[in-house]
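Residue numbers (the working numbering), protein chains in the order written: chain A, 251 to 399; chain B, 251 to 399.
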């Protein structure tokens, strides 16, 4: 790892650089004026979309948001999915929810000091943890769906 | 604010110092060998317990965990509470859940580089945000309970 990387701070440009290094495909987009990174992930259990943003907010605080969403929708399993996500929210990091159309989300919102050092290793822990947890969620939800069919 | 405070890093000792400065009462405890801070908060809508830990984990990453729990339990409103927490999880930061006994939780888990600068202002944003969100959750849940009685 280069010295630059060790001294990288938390910005969207840093995150994009890490995605490049990790070989993750993405495209830049814009959500209500905030630049965001859109990506996708293909798990064995199904495809997912990813969304990453880094935004400065009040009191020199910077929010890192990473959201995963299932490509498959679960409108007919809402109650079972709600119970499952609740149990996972109790036991594990990250926030899980399901929308009216049955798309399941996992979200990380971290609050950092603006200009906080943000080495690749920490991004890998966060990003890897999110993907791992989301895959487990996705597998559990698919198991519910398949058991009902 | 002193220079020391501006240069403070994320440790449990730093968090404890901030709680002292903010006049928050707490006691030190231990959960499975990890030192934790236990505190409480009295909202207009009801009392809550707070739990804070800072733990070093793999790859020079440090986890800051802050959890709020309602003192009141909602075992008879589980379905309504699940739907409400799901909606809040969709719209807002932090992870909300309810356990088998009807206790409602809000949890923040942030992943930081070990030794990350952690000024009082950032702690205030995180801690204040958690209390604000949790109070809104608590009010909404109490409204559900009262409407059912």
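Here a beta-carbon is modelled for each residue, glycine too, at the ideal position from N, C-alpha and C.
Listed along the chain, the chain A residues whose CB falls inside 7 Å of the CB of residue 360 (chain B) are 360, 361. Put simply, the CB of residue 311 (chain A) is near chain B, with a gap under 9 Å to one of its CB atoms. Setting aside the 5 residues that flank it on each side, residue 306 (chain B) is surrounded in the same chain by 312, 364, each with a C-beta closer than 6 Å to its C-beta; the list follows chain order.
Counting of Cβ neighbours within 10 angstroms places residue 360 (chain A) among the buried residues, the total reaching 16 or more. The contact set of residue 332 (chain B) on chain A, defined by CB atoms closer than 8 Å, consists of 332, 333, 336 in chain order. Taking 9 Å as the CB threshold, residue 395 (chain B) stays off the interface with chain A. Contact between the segment 344-354 of chain B and the segment 384-391 of chain B is present, with at least three C-beta pairs closer than 8 Å. By the neighbour-count criterion, in which 16 or more other beta carbons inside 10 Å mark a residue as buried, residue 298 (chain B) falls on the buried side. Here residue 396 (chain A) is exposed, its C-beta having fewer than 16 other C-beta atoms within 10 Å. Using a 10 angstroms sphere on the CB of residue 357 (chain A), the tally of other CB atoms reaches 16 or more, which defines it as buried.
At the C-beta level, residue 265 (chain B) and residue 304 (chain B) come within 9 Å of one another. Chain B places no beta carbon closer than 9 Å to that of residue 297 (chain A), leaving this residue out of the contacts.
Taking 9 Å as the cut-off, the beta carbon of residue 324 (chain A) is found no closer than this to the beta carbon of residue 287 (chain A). For residue 375 (chain A), the closest alpha carbon among the candidates B:334, B:272, B:280, B:309 is that of B:309.
Close to residue 384 (chain A), with beta-carbon spacing below 9 Å, lies no residue of chain B; the smallest spacing is near 13 Å.
As a beta-bridge residue in DSSP terms, residue 354 (chain B) pairs with B:348. Put simply, the backbone Cα of residue 336 (chain B) is about 25 Å away from that of residue 399 (chain A).
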